[in-house]
Amino acid sequence: MKEVDELKAQLQDLQNKALALFAEAESLKVLQELRVAYLGKKGELTSVLKGVGKLPPEDRPVIGQFVNATKTTLAEALDKAEVLLSDKEKQARIQAERIDITLAGRTTSRGVVHPVQQGLNEMTAIFSQMGFEMAEGPEIEDEFHNFDALNIPAEHPARAMHDTFFFNAEGDADAKLLRTHTSPVQIRAMQACVDAGGEPPLAVVAAGRVYRCDYDVTHSPMFHQVEVFKVDKDVSLAHLKGVLQHFLTAYFEKDVPIRLRPHYFPFTEPSAEVDIGCVFCNHKGCRICKGSGWIEVLGSGMIHPNVLKAVGIDSSVYSGFAFGLGVERLVMLKHGIPDLRLFFENDVRFLRRMGAK
Ligand code: PHE
1403 MKEVDELKAQ
1413 LQDLQNKALA
1423 LFAEAESLKV
1433 LQELRVAYLG
1443 KKGELTSVLK
1453 GVGKLPPEDR
1463 PVIGQFVNAT
1473 KTTLAEALDK
1483 AEVLLSDKEK
1493 QARIQAERID
1503 ITLAGRTTSR
1513 GVVHPVQQGL
1523 NEMTAIFSQM
1533 GFEMAEGPEI
1543 EDEFHNFDAL
1553 NIPAEHPARA
1563 MHDTFFFNAE
1573 GDADAKLLRT
1583 HTSPVQIRAM
1593 QACVDAGGEP
1603 PLAVVAAGRV
1613 YRCDYDVTHS
1623 PMFHQVEVFK
1633 VDKDVSLAHL
1643 KGVLQHFLTA
1653 YFEKDVPIRL
1663 RPHYFPFTEP
1673 SAEVDIGCVF
1683 CNHKGCRICK
1693 GSGWIEVLGS
1703 GMIHPNVLKA
1713 VGIDSSVYSG
1723 FAFGLGVERL
1733 VMLKHGIPDL
1743 RLFFENDVRF
1753 LRRMGAK
């Protein structure tokens, strides 16, 4: 066989082997190694080319063309294989990194303000807007602030009605108790004013926990009250009624009729319980308002002169109104909550429903 034919056969062989290897290559890395092995400076093709020098000059262009054709074929085959492989590798990576977006997301649950606190915030905000100043008093009180200064002297039957939790014996000089209402804040706020050398007008709103030894469907041993009072010259029952009407309309977000029904509290004179037109039947009469169309919501009255006297405010110059309301009760009425205990059981389903507003 002529040398040139031998070389051609060798090149053909090399090409066939190379193409087969390219087709089998399973990664870009292997393909790159093959590229170097065949087309590289020290590659197979180069070593075949070395044989060209030994050929007679007239055969050289023929074989040269053949080598070039082989080179092009191999290069093209490599490029094609590379495209195929890189595509395959990309697909594999996409497959591996695939995330299932059909899976429902995990939500983080956010806390909500407790419905009682929400109600309390709404109520105090309404009074703040009317110009009442916020005040606070201690939950552990003494008999003076919780009773005596509020015109409830020892042996007064009203004391028994309060079902008080005492820390030590009732009547001890330093007897301490859990306040049974927020009215002692009236005393503390007026005392603070007088002690600072000030004098009325005083317009105060106070909110907080109160305690009574009482437990059933509508009573909890701890509940919340909001206390509101105003002392000034010429404060009248009409002011009380105006403030109540404004507050109740704002809180219930509708025109609720109100009525003042004569009542008795030792610390107010005259005293009145305040009713609103039943919010469940729109004042028509239903099971909840026992057919009357009215629902009692709070206690109120004109501050008793003895209360002003107890803190050193001249009752011949000043007068005042006061009222106190049960927060849970108003929240129940506004939102149609049937059972007081829901507020204290803290079942998250109830809390969430109340928080989603
Ligand atoms: N302190 C009274 C109670 O708890 C409510 C009240 C407050 C009544 C102020 C009149 C004036 O029942």
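Each residue of the sequence shown is one higher than the one before, counting from 1403 in our numbering. Where a beta carbon is used, it is the ideal one built from N, C-alpha and C, also for glycine.
Report task. Pick helix, strand or coil for residue 1538, following the three-state DSSP scheme. Result -> In the structure shown, residue 1538 sits in coil (DSSP, three-state: anything other than H, G, I, E or B).
Query raised in the report: Which residue spans inside the region 1448 to 1509 form an unbroken beta strand (DSSP E) run of at least 3?
Result: If you keep only unbroken beta strand (DSSP E) runs of at least 3 residues inside the region 1448 to 1509, you get nothing at all.
Query raised in the report: Which value, in whole angstroms, describes the spacing of the CA atoms of residue 1713 and residue 1677?
Result: For residue 1713 and residue 1677, the distance between alpha carbons rounds to 30 angstroms.
**Report entry** Every unbroken alpha helix (DSSP H) within the region 1572 to 1601, with a cutoff of 4 residues, ordered by chain
**Finding:** For the region 1572 to 1601, whole alpha helix (DSSP H) runs of length 4 or above, ordered along the chain, are 1586 to 1597.
Query raised in the report: Going by beta carbon distance, what residues of the same chain come within less than 7 angstroms of residue 1741, once the five residues before and after it are set aside?
Result: Around residue 1741: 1619.
Query raised in the report: Whose CA, out of 1443, 1493, 1580, 1662, lies closest to the CA of residue 1473?
Result: Residue 1443 is the option with its Cα nearest to residue 1473.
Report task. Determine whether the Cβ of residue 1738 lies closer than 7 angstroms to any Cβ atom of chain C. Result -> Among the chains in the structure shown there is no chain C, since it carries only a single protein chain.
Query raised in the report: By Cβ distance, which residues of its chain are closer than 6 angstroms to residue 1479, with the 5 residues on each side in sequence left out?
Result: Sequence-distant Cβ neighbours of residue 1479 in its own chain, meaning closer than 6 angstroms and more than five residues away, are 1421, 1424.
Requested in this report: Check whether the Cβ of residue 1585 sits closer than 6 angstroms to any heavy atom of the ligand PHE, and report yes or no.
Outcome: Checking the Cβ of residue 1585 against the ligand PHE gives yes.
**Report entry** Supposed contact pair residue 1733 and residue 1521 - C-beta distance, whole angstroms, cut 8 angstroms
**Finding:** Correct: roughly 4 angstroms between the Cβ atoms.
Query raised in the report: What is the DSSP secondary structure of residue 1532, counted as helix, strand or coil?
Result: If DSSP states are grouped into helix, strand and coil, residue 1532 belongs with coil.
Query raised in the report: Can we count residue 1726 as close to the ligand PHE, meaning its CB is less than 6 angstroms from some heavy atom?
Result: Taken from the Cβ of residue 1726, at least one heavy atom of the ligand PHE lies inside 6 angstroms.
Query raised in the report: Pick from 1581, 1517, 1510: whose alpha carbon is nearest that of residue 1545?
Result: Distances from the alpha-carbon of residue 1545 to those of 1581, 1517, 1510 put 1581 closest.
Report task. Out of 1632, 1736, 1730, 1528, state which residue places its alpha-carbon closest to the alpha-carbon of residue 1679. Result -> Residue 1736 holds the alpha-carbon nearest to the alpha-carbon of residue 1679 among 1632, 1736, 1730, 1528.
Report task. With DSSP collapsed to three states, give me the class of residue 1415. Result -> Residue 1415 falls in the helix class under three-state DSSP.
Query raised in the report: Within 10 angstroms of its Cβ, does residue 1507 collect 16 or more other Cβ (buried), or is it exposed?
Result: Exposed is the call here.
Query raised in the report: What's the call for residue 1505, buried or exposed, on a 16-neighbour Cβ count within 10 Å?
Result: When all chains shown are included, residue 1505 counts as exposed.
Query raised in the report: Tell me which same chain residues have a C-beta within less than 8 angstroms of the C-beta of residue 1660, skipping the five on either side of it?
Result: Excluding residues within five positions, the ones whose Cβ falls inside 8 angstroms are 1643, 1646, 1647, 1650, 1676, 1677, 1678, 1679.
**Report entry** Distance, residue 1512 Cα to residue 1725 Cα
**Finding:** Straight-line Cα distance between these residues: approximately 36 angstroms.
Query raised in the report: Can you list, in chain order, the residues of its chain whose CB lies under 8 angstroms from that of residue 1483, leaving out five sequence neighbours each side?
Result: For residue 1483, same chain residues with a beta-carbon under 8 angstroms away, outside a window of 5 residues either side, are 1424, 1425, 1427, 1433 in chain order.
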